[in-house]
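Undergrad:
Numbering (my numbering), first residue to last: 317 to 511.
(1) Quick one: using the 10 Å Cβ neighbour count with 16 as the cut-off for buried, is residue 421 buried or exposed?
(2) Return yes when the Cβ of residue 333 is within less than 9 Å of the Cβ of residue 504, no when it is not.
(3) Whole angstroms is fine: what's the gap from residue 496's alpha carbon to residue 465's?
(4) Run through DSSP, which three-state label would residue 510 get?
(5) Between the beta-carbon of residue 453 and the beta-carbon of residue 487, is there less than 9 Å?
(6) Measuring CB atoms only, is the stretch 370-389 touching the stretch 334-347, in the sense that at least three cross pairs come out at less than 8 Å?
(7) Since residue 390 and residue 378 should fall inside the 8 Å C-beta cutoff, what is the C-beta to C-beta distance between them, to a whole number of angstroms?
(8) When you compare the CB positions of residue 410 and residue 501, do they come within less than 9 Å of one another, or not?
(9) With DSSP as the reference, label residue 328 as helix, strand or coil.
(10) On a Cα-Cα basis, can you pick out the residue from 376, 372, 392 and 327 that is closest to residue 359?
(11) Measure the alpha-carbon distance for residue 449 versus residue 374 and round it to whole angstroms.
This is the structure in structure tokens:
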């Protein structure tokens with residue numbers, strides 16, 4: 317009789333915030349409004365494709381939010397490679413309720429204290445008619461668990477999602493910078509490994 321320990325799966329992920337949209341350039345909150353990429357957003361995604369092109373064949377899949385801006389970014393990243401693109405609702409943009417379509421400046425001016433709770437990542441914060449930070453984090457934790465259970469060790473994934481989701485995933489992986497919610501640029505790859 318021999319005993320052994322199973323080695324936890326090792327997964328590599330590259331987090332990517334979708335390319336810029338017209339609403340990004342106007343400082344408007346998108347949430348689950350399905351806004352496409354702007355011309356600049358398409359250029360950012362194309363630049364990302366060229367940056368990652370030599371590594372694409374080493375990736376298992378591109379997981380993406382089902383939002384149009386993320387899907388477009390994923391397809392441009394994919395290029396002519398055969399890497400599969402898989403949309404997953406858990407990567408969807410956070411439902412920002414009544415904030416969607418409003419400018420950050422308008423929200424900040426109307427309610428500075430509430431705005432600070434949101435932008436500082438307070439886990440219990442819920443925008444009016446929206447989703448709490450806890451709810452978003454729970455979905456993303458379930459997604460990471462899914463990857464670690466469903467795929468063999470040494471799998472690699474691109475995850476194309478949204479600003480708050482990228483920041484929350486960084487926090488879940490224990491490697492978020494101090495500006496994880498505000499300093500995440502469009503189409504910049506952030507590489508992580510987890511067991």
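Every residue gets a Cβ at the ideal spot worked out from N, C-alpha and C, and that includes glycine. Keep in mind it's a predicted model, so treat the numbers as computed, not measured.
TA: Judging by the given coordinates:
(1) exposed
(2) yes
(3) Residue confidence is low: residue 496 scores 47 on pLDDT, short of 50, so the model does not pin down where it sits. Its coordinate-derived value is still stated next. Using only the alpha carbons, I get a separation of about 27 Å.
(4) In the three-state reduction of the DSSP assignment, residue 510 falls in the strand class, which pools E and B.
(5) yes
(6) Taking 8 Å as the limit for Cβ pairs, the verdict is that the stretch 334-347 does touch the stretch 370-389.
(7) 5 Å
(8) no
(9) strand
(10) 392
(11) Near 33 Å, if we compare the C-alpha coordinates of residue 374 and residue 449.
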